Amino acid sequence: MPWSDFANADVDEIVDKLTTDEAILLTAGVGFWHTHEVARLGIPAIKVSDGPNGIRGNHFFMATPAKCLPSATALGATWDTELIEEVGLQLLANEAKLRSAPVILAPTCNIQRNPLGGRSFESFSEDPFLSGLIAAAYVKGVQKGGIGTAIKHYVCNDKENDRMAYDSILSERALREIYLMPFMLAQKYAKPWSFMTAYNRVNGTHASENKHLIQEILRDEWKFDGLVMSDWFGIYSIDLSINAGLDLEMPGTNKWRTLDLVNRSIQSRKLTVRTVKERARKVVELAKRVAQEAPELLDGDGLERTVESDEDKALMRKLAGESVVLLKNSGALLPLQPQSLKKIAIVGGNAKAYVLSGGGSAALKPSYFVSPYDGIVAALPPNVEVTYSEGASTYMEMPSLDFEMLTSTGERGWIGSWYAHEDDESMATVSQPMERRLIDETRIFISTSSPKGITRRWTMKLEGQLKPRAHDCTFEFGLTVAGRAKLYVDGKLVIDNWTRQRRGESFFNSGSMEEKGRVALKANTKHNILVEFCNVRSPADGDEDQMVMDSNPGVRLGGAEVQDADEKMAEAVRLAGEADVVIAVVGLNADWETEGYDRKTLALPGRTDELITKVLAANPKTIVVTQSGSSITLPWADSVPAIVHSWYLGNATGEAIADVLLGKKNPSGKLSLTFPKRLEDIASHGHFHSENGVVQYGEDLYVGYKHFQHRGIAPQFAFGHGLSYTTFVYSGLQLSKPEVANGDFNLIASLTLTNTGKRSGDEVIQLYVSMPSTTDLSHPTLLLRTFTKVKDLHPGESRKVNLTLDKYAVSYWENRITRWVVERGEYGVSVGASSDNLALSAKFAITKGFEWNGL
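In my numbering, the protein residues as written are 1 to 855.
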């Protein structure tokens, strides 16, 4: 019978019929991306796929081209729950269907505790209310489309170094008010189908084994009745995670929950069959829900597809444009007036670079991509001359050669040939390749995509030709590997990353450091490239282990022409001096911000700051466009007249940036996190790192803007900040009479917003609450409690806006009684355009407090 018939299954009957072994099998995955099927009972396997800024599908290696959305921080910067819900329904749900994946591993709604966190770009904000309401909109939209979400990483997964082991030590109040709040709001307003636990420990116990988090809070208090899964390789025991309530171990490779080990735990009475069946029930329930909501994905062919439409491209461009933040615009330099310009100089290491997302599981192969340079040039009239210079490099590893390699027949890419070894333990290859195929990428994360039936140890040879250069040059290659590899150019060994290695952080901490080698290239000559790769790691100083890379093998070849750094800088400065306007596009990329490790600095890479300073001296009409997924320091910010922060914008990057620079889009994005003047100003500075496995959340409630206000520290750009090409005036704040009834609270704040400028625009109205001064407890000065985006307000138009406050707006967690408390007393309301630009204020009183629990 078709798998979709499971939509009518009687779950009680199915679970009752499960044998113990079948129940055990259901509690862990199969392969990397599927749950277990039980054909005897008609239970289908469910495929999941990575998010959060797009749906990659099953493969890191030669992935199906997909739509890459802006990073989560960019989605947070829209402050637009309606738009995010639309994107969830129209883009994400449909992309999941094209990948035959009825559940997506998204959204990520951890807190931006420190922008150094490697995956900070994957989380929406430093503020729990903004994070939670955007997450709820994301979940609601996706699930309206019949696709389930796995909201993650529950909880306190706020950094990457030592991520499997570090222990987040924090107060229960901070846990509740800051770190759990986004998940709580998503559960209240959207009810995700599933939750994914974090890798780390929380107050002594790993999240995947934490009964307090999974059972007491998530299930008992919040009444979550869906499935709880682990992050990939994120459980560390058999009985502890099962007894704590974790239903599904993922993935199904190198797993703990094998028939042998779980049965032994049952026999030793560490587990009961009843508990195992409770866990299996949730997998059965998820399978039934998928059969009801997305039956075509169960009975379809399972193939992954790429489909583009003009409507999708327009929505992606709109979404990217809505997230762009205009940080500064002195003298109304923006928007550019191209009719008055003859020459524009574009400089910077990110202008032509392939920067669309952060790295790790969020990365995917885009179905199309528009660079900032291409987007700007395409938007300018043909009479405007554009000059370009990189000026200063911004890459960590040598740039990808994805578009620089050709096969011997002229196709883009190179040919990969897999060779089996004589046996599983041998290092000697057989003479004939087992498989040959065209590969169009030079960062090859093979993961689990090696040919079926190949030996445990295997070799891959990658052969192609480097695109001819127009002139003689010295070319520097970089070779990084999870395994071992050698690079040959025209038959000569150039890089040996095979014999001995230096361990690095690449390929999810499985890879080597990048090794480099230089070659003299002749003009108009095709140079032959050969990389020989084996999935067995080489010895390294202090680590002689030559283990087989079974789940994370990969190799990356990058390269670039060697240019004198001073000459590049001088060229950019010269072009700047000759131009009417300079656009400097600078920032980070997926090497700097990625899953697997944390950043070490908030500074822009290399000589970027020097480039901006020198270009500005050559031409005071310099516009800086920054790209990063989280905060960066901008030491030249007070001097540069115009700064645009674009985050990572996905496929439509260049189009969205050009729309804002040239005024096709009036910017309305607001910062979803604070930009500090220096790293030392961040609340968690000094106790962000894992020290002997412990991370002390010493800042407690004072995360992000709450810390800056509490300490009286001026940020570079405040949380919620973002300018427009028009101006707005806030007036007439009025508060309704507070209503307290049936364990809830209600108050409506109304005000008038007027567009006093000359262009139509959108404005995000932010409302912050101050707790009573009579309280015995400490509270942050201001707490974001609600917001709304007023859209398409015309010049001279006034519009009345209502914002509703509920019990969440006036509650705090009381550790002593393990309840939320609403105190009687006088509360403050502040409304405005950002956390440090609050034009209106008022007060209200609660005469009778109350306590509550649950949602």
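Where a beta carbon is used, it is the ideal one built from N, C-alpha and C, also for glycine. Please read all numbers here as calculations on a predicted model, not as lab measurements.
Query	Result
Apart from the five residues on each side of it in sequence, which residues of its chain come closer than 6 Å, Cβ to Cβ, to Leu92?	Val142
Shortest alpha-carbon distance to Val87 belongs to which of Leu69, Pro102, Trp79, Ile104?	Leu69
So, helix, strand or coil for His421, using DSSP?	strand
Measure the alpha-carbon distance for Ile529 versus Gly360 and round it to whole angstroms.	27 Å
Would you mind sorting Ile817 into buried or exposed? The rule is 16 or more other CB atoms within 10 Å of its CB.	exposed
With DSSP as the reference, identify every bridge partner of Arg518, one or two as the case may be.	Glu476
Hey, could you find the ends of the alpha helix (DSSP H) Leu616 is sitting in?	608-618
DSSP three-state label for His527, please.	strand
Mapping the DSSP letters down to three states, classify Lys858 as helix, strand or coil.	Outside the shown range of the chain (1 to 855) lies residue 858, about which nothing can therefore be said.
Assuming contact is defined by CB atoms lying nearer than 8 Å, are Asn535 and Phe507 in contact in what I supplied?	no
The alpha helix (DSSP H) spanning Thr275 covers which residue range?	273-293
Using the C-alpha atoms, what's the distance from Leu649 back to Glu122?	12 Å
From what residue to what residue does the alpha helix (DSSP H) around Arg264 run?	259-267
CB Pro876 to CB Ser330, shorter than 8 Å?	Here the chain comprises residues numbered 1 to 855, so residue 876 is not present and cannot be evaluated.
Starting from Ser841, trace the beta strand (DSSP E) in both directions and tell me its first and last residue.	840-846
Could you check if Lys522 is buried or exposed, using at least 16 other CB atoms within 10 Å of its CB as the buried criterion?	exposed
Rounded C-beta distance between Thr24 and Val694? I'm assuming under 8 Å.	Reading off the sequence shown, one finds Ile at residue 24, where the question assumed Thr. Not a contact, Cβ separation roughly 34 Å.
Below 8 Å between beta carbons: does that hold for Thr788 and Ala718?	no
Three or more C-beta pairs closer than 8 Å, one from the stretch 66-85 and one from the stretch 316-329: is that the case here?	yes
So Ile454 and Ala420 are in contact, right, with Cβ under 8 Å, and what is the actual spacing, rounded?	5 Å
Would you say Leu855 and Trp193 are within 8 Å of each other, going by their C-beta atoms?	no
By alpha-carbon positions, which one of Gly57, Ala656, Ala353, Asn802 ends up nearest to Gln734?	Asn802
Is it the case that the Cβ atoms of Lys670 and His707 are separated by a distance below 8 Å?	no
Just the C-alpha distance for Lys737 and Lys800, rounded to the nearest angstrom, thanks.	18 Å
Can you tell which of Asn53, Ala570, Arg456, Asp402 has the C-alpha that lies nearest to the C-alpha of Val555?	Asp402
Taking Arg163 and Ala392 to be in contact with their CB atoms under 8 Å, please state how far apart those CB atoms are, rounded to whole angstroms.	Rounded, the Cβ-Cβ distance is 32 Å, inconsistent with contact.
Return yes when the Cβ of Val284 is within less than 8 Å of the Cβ of Ile104, no when it is not.	no
Helix or strand or just coil, what does DSSP make of Lys706?	helix
When DSSP builds the beta bridges, which residues end up paired with Tyr154?	Thr197
Give me, in chain order, the residues of the same chain whose beta-carbon lies closer than 7 Å to that of Asn110; leave out the 5 immediate sequence neighbours on both sides.	Ser123, His153, Asn157, Asp158
Measuring CA to CA, which of Lys188, His59, Val38, Val48 is closest to Ala280?	Val38
Quick check: the Cα distance between Val276 and Glu22, rounded to an integer number of angstroms?	10 Å
Could you work out which residue in Phe61, Leu604, Lys665, Phe844 is closest to Ser449 when comparing CA atoms only?	Phe61
At a cut of 8 Å, does the stretch 207-214 reach the stretch 132-140 through at least three beta carbon pairs?	no
If you draw a straight line from the C-alpha of Glu304 to the C-alpha of Leu297, how long is it?	11 Å
Around the Cβ of Leu116, are there at least 16 other Cβ atoms within 10 angstroms (buried) or fewer (exposed)?	buried
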